[in-house]
Amino acid sequence: MTTAATSTSKMAAEPAGGLRFYGVWLLGILVLIVLPMIFSSGGSLTSFSLIGIAIVFALSYNILLGQTGLLSFGHAVHYGLGGFAACHMMNAVVSHGWPIPLPFIPLFGGLGGLAFAVIIGWVMTKRAGTVFAMISLGIGELVASSSLILRSVFGGESGITTDRTALPKMLGWSFGPQLQVYYLIAFWLVLSAIAMYALTRTPLGRICNAVRDNPERVQFIGYDPHVVRYIAFCFAGFFAGIAGGLAAINFEIANSAYLGAIQSGLVLFSTFIGGTAFFFGPILGAILVTYLQLGLTNLTTAWQLYFGIIFIGIVMYSPGGIAGLLMMHRPLIRAGTLWTVIPSYLVAVVPTVALACGVILAIETVARFSGGDPINLFGIAFIATSPVTWLTAAILVVGGFFVARLAWRRIAEAWDKAATVARDRGYLA
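Residue numbers (my numbering): 10 to 438.
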């Protein structure tokens, strides 16, 4: 009787979990479809397109960093080569009259990234850790510098241009309007995300995790960590090439900026800030970093400094990224103890915001001191050369730091109590 009841409950729970799983994917697809209907301006569509490209790129990078434990400083090479391959393919389709519509072009970008990964990956993945990171950095800079020399392939400083509207139409779409380009990017985003998630659930994905955690033990059970790393490297290069092909379609150009260290740094920031331990982490990181990049570049010249500060803060205080922070609250929600921590969060908001404002004011004061440009911080005007500005920044930074430190200690105490109750109720391991 008990065994039958247990079996019935397990069978009932599995469809519920399956429905919840597929519901998340269907909800994501629905959001992608509805977004242009709510935000229909050209700027919004462009931002959404860039976010979609960044998500594919970040998920491809997480195959290396999060799944296999390979820290790469030159992942933009596959992204850039995929973009160049897509541009060359589009120009070839136009010049030879091949019946290949635009939606198939990102596949050729993926093949371009994959081809380079196949060529250099076997040597690169012989070692992991610092050796792999340094080799990836060297190859990335080598290819980026070569793009200015090999003009017949990369077009020099001007790059390779193309015209996406000159390709054969598909279903009456010319892909001239940004809306049509957005839906093309959204289609490849869904397709790539499903494929990369499915890869994590395969035996290969599990072995990649094992190589990340303990390569010696993987070798003891009969698998070669080098081969596993090489295969993961090829998959990452393929999907990075797809992202590069989508970027080439969106901008109708591929140049040396696709291959540079800045591009590799941005995808590293996106993946690590979002969180490498969970599949949706790089998605959150790509959304945040892309919006910060688009917004901060119009507000300040020191936008890269803010990225560095955010990255350092995540590394020091939340190595699990944004996704790790969110998932930490899951046991408390299930145990019903999260409400005991929320008041402490609310108390810590004010000094934390004050500290952030002080840091922003200090950075902008230093950045604009020589030019004397005015500073507008949340509607309040400051003059960079005024002693009042420096004093205000010092008070906010010092005062906000000490008060926030006390407030976050209170959060730690409330968190320990809530986690203890949750653990007693069986919601924490």
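A virtual CB, placed ideally from N, CA and C, is assigned to each residue, including glycine.
Item to check | Spatial neighbours of A22 in its chain, beta-carbon cut-off 7 Å, leaving aside the 5 residues before and after | outcome: Locating residue 22 in the sequence shown gives position 13, where the first residue counts as 1. Unreliable placement is indicated for A22, whose pLDDT of 38 sits below 50; the coordinate value is still reported in the next sentence. Once the five neighbours on either side are set aside, A22 has no close Cβ partner at all.
Checklist entry - What whole-angstrom Cβ distance do Y88 and G122 have, given they're in contact under 8 Å? => result Translated into the one-based positions of the sequence shown, residue 88 becomes position 79. Translated into the one-based positions of the sequence shown, residue 122 becomes position 113. Indeed, because the Cβ distance is near 7 Å, the residues count as touching under 8 Å.
Item to check | Cβ separation of L111 and F184, assumed to be a contact under 8 Å, to the nearest whole Å | outcome: One-based indexing of the sequence shown puts residue 111 at position 102. One-based indexing of the sequence shown puts residue 184 at position 175. Contact flag correct, Cβ pair sits at about 5 Å.
Item to check | Status (buried if at least 16 other CB within 10 Å, exposed otherwise) for P360 | outcome: The residue you call residue 360 lines up with position 351 of the sequence shown. The residue in question, P360, is buried, as its Cβ has 16 or more Cβ neighbours within 10 Å.
Next on the checklist: So if DSSP puts M179 in a beta bridge, which residue, or which two residues, is it bridged to?
Outcome noted: By one-based count along the sequence shown, residue 179 stands at place 170. The partner list for M179 (beta bridge, DSSP) reads W182.
Item to check | Which residues DSSP lists as bridging N385, in chain order | outcome: Position 376 of the sequence shown, counted from the first residue, corresponds to residue 385. Partner(s): A390.
Checklist entry - Of the residues V397, L308, A85, which one's Cα is nearest the Cα of L268? => result Residue mapping note: residue 268 aligns to position 259 of the sequence shown, counting from 1. Here the closest residue by C-alpha is A85.
Next on the checklist: If I measure Cβ to Cβ from A219 and keep anything under 6 Å in the same chain, skipping five residues before and after, which residues do I get?
Outcome noted: Here the question's residue 219 lines up with position 210 in the sequence shown. If we look at A219 and ignore the five residues flanking it on each side, its Cβ neighbours are V227.
Checklist entry - Between which two residues does the alpha helix (DSSP H) harbouring H84 extend? => result Translated into positions along the sequence shown, residue 84 becomes position 75. Where H84 is concerned, there is no enclosing alpha helix (DSSP H), given that its DSSP letter is neither H nor E.
Checklist entry - Just how far apart, CA to CA, sit G214 and E373? => result As a first step, residue 214 is located in the sequence shown; it is residue number 205 there, counting from the start. As a first step, residue 373 is located in the sequence shown; it is residue number 364 there, counting from the start. So the two alpha carbons sit approximately 45 Å from each other.
Item to check | Residues bridged to R170 (per DSSP) | outcome: Start at 1 with the first residue of the sequence shown, and residue 170 comes out as number 161. Strictly speaking, residue 170 in this sequence is Thr, with Arg absent from that position. T170 pairs with I262.
Next on the checklist: Alpha carbons only, please: which of L39, I72, I60 is nearest the one belonging to A286?
Outcome noted: The sequence position of residue 286 within the sequence shown is 277, counting from 1. Selected option, being the one with the closest Cα: I72.
Item to check | Whole-Å CB distance - G83 paired with S265, under 8 Å assumed | outcome: For this step, residue 83 is matched to residue 74 along the sequence shown. For this step, residue 265 is matched to residue 256 along the sequence shown. No, G83 and S265 are not in contact; Cβ-Cβ is about 14 Å, not under 8 Å.
Next on the checklist: Quick check: the Cα distance between V324 and G106, rounded to an integer number of angstroms?
Outcome noted: Indexing the sequence shown from 1 puts residue 324 at position 315. Indexing the sequence shown from 1 puts residue 106 at position 97. Those two C-alpha atoms are separated by around 51 Å.
Next on the checklist: Checking 8 Å against the spacing of the C-beta atoms, do G330 and F288 come in under that value?
Outcome noted: The residue labelled residue 330 in the question sits at position 321 within the sequence shown. The residue labelled residue 288 in the question sits at position 279 within the sequence shown. Not a contact, by the Cβ cut-off of 8 Å.
Item to check | For A427, the three-state DSSP class (helix, strand or coil) | outcome: Residue numbering aside, residue 427 sits at position 418 when the sequence shown is read from its first letter. Helix at A427.
Checklist entry - So, are the CB atoms of A363 and L405 less than 8 Å apart? => result Taking the sequence shown and counting its residues from 1, one reaches residue 363 at position 354. Taking the sequence shown and counting its residues from 1, one reaches residue 405 at position 396. Result yes, Cβ atoms of A363 and L405 sit closer than 8 Å.
Next on the checklist: Tell me the DSSP secondary structure of P108 in three-state form.
Outcome noted: Residue mapping note: residue 108 aligns to position 99 of the sequence shown, counting from 1. Coil at P108, not helix or strand.
Checklist entry - Among V190, A195, L305, F242, which one has its Cα closest to the Cα of N259? => result Along the sequence shown, read from residue 1 onward, the residue named residue 259 stands at position 250. Answer by Cα proximity: V190.
Checklist entry - Within this structure, are the beta carbons of L451 and A94 separated by less than 8 Å? => result No statement about residue 451 is possible, as the shown extent of the chain runs from 10 to 438 and does not include it.
Next on the checklist: So, with DSSP's three-state summary, where would you put A357?
Outcome noted: As a working note, residue 357 is residue 348 in the sequence shown. Note: A357 maps to helix in three-state DSSP.
Checklist entry - Beta carbon of L303, beta carbon of S56: below 8 Å? => result Here residue 303 is taken as the residue at index 294 of the sequence shown, counted from 1. Here residue 56 is taken as the residue at index 47 of the sequence shown, counted from 1. The answer is yes: Cβ separation under 8 Å.
Item to check | With 16 other Cβ atoms within 10 Å as the buried cut-off, status of R377 | outcome: The residue you call residue 377 lines up with position 368 of the sequence shown. Counting Cβ neighbours within 10 Å, R377 comes out buried, since at least 16 surround it.
Checklist entry - Candidates L437, I42, F247: which alpha carbon is nearest F117's? => result For the purposes of this step, residue 117 is taken as residue 108 along the sequence shown, with counting starting at 1. When only C-alpha atoms are compared, the closest one is F247.
Checklist entry - Residues in its own chain within less than 7 Å of L314 by CB, not counting five upstream and five downstream? => result As a working note, residue 314 is residue 305 in the sequence shown. The residues are I372.
Checklist entry - CA-CA distance, I47 and I292? => result Numbered from its first residue, the sequence shown carries residue 47 at position 38. Numbered from its first residue, the sequence shown carries residue 292 at position 283. Cα to Cα, the separation comes out at about 21 Å.
Item to check | G130 and C217 closer than 8 Å at C-beta | outcome: Numbered from its first residue, the sequence shown carries residue 130 at position 121. Numbered from its first residue, the sequence shown carries residue 217 at position 208. No, Cβ-Cβ distance for G130 and C217 is not below 8 Å.
Item to check | Reduced DSSP category for T374 - H, G, I as helix; E, B as strand; rest coil | outcome: As a position in the sequence shown, residue 374 is number 365, starting the count at 1. Looking at T374 - three-state DSSP - the assignment turns out to be helix.
Next on the checklist: For I64, which residues in the same chain have their Cβ closer than 8 Å to its Cβ, ignoring the five residues on either side in sequence?
Outcome noted: Residue numbering aside, residue 64 sits at position 55 when the sequence shown is read from its first letter. Correct list, in chain order: L198, A202, P291, I292, A295, I296.
Next on the checklist: Going by C-alpha to C-alpha distance, which of A124, I144, A413 sits closest to V132?
Outcome noted: In the sequence shown, counting from the first residue as 1, residue 132 sits at position 123. Closest option to V132, Cα to Cα, is I144.
Checklist entry - Under a three-way DSSP split, which group does N307 fall into? => result As a working note, residue 307 is residue 298 in the sequence shown. Here N307 sits in coil by DSSP.
Checklist entry - What did DSSP end up calling L159 once you bin it into helix, strand or coil? => result Locating residue 159 in the sequence shown gives position 150, counting from the first residue. Coil.
Checklist entry - Nearest CA to the CA of V1: which residue from A357, E422, R136? => result The first residue shown for the chain is 10 and the last is 438, placing residue 1 beyond what the model contains.
Next on the checklist: Less than 8 Å between the beta carbons of R4 and T139, yes or no?
Outcome noted: There is simply no residue 4 to check, as the chain begins at 10 and stops at 438 in what is shown.
Checklist entry - Which first and last residues belong to the alpha helix (DSSP H) in which N223 is found? => result Your numbering for residue 223 matches position 214 in the sequence shown. Taken as a continuous stretch (DSSP letters only), N223 belongs to no alpha helix (DSSP H), as it is neither H nor E.
Item to check | Alpha-carbon to alpha-carbon, Y31 and Y326 | outcome: Reading the sequence shown from its first residue, position 317 is the one you call residue 326. Reading the sequence shown from its first residue, position 22 is the one you call residue 31. Whole-angstrom Cα-Cα distance: 33 Å.
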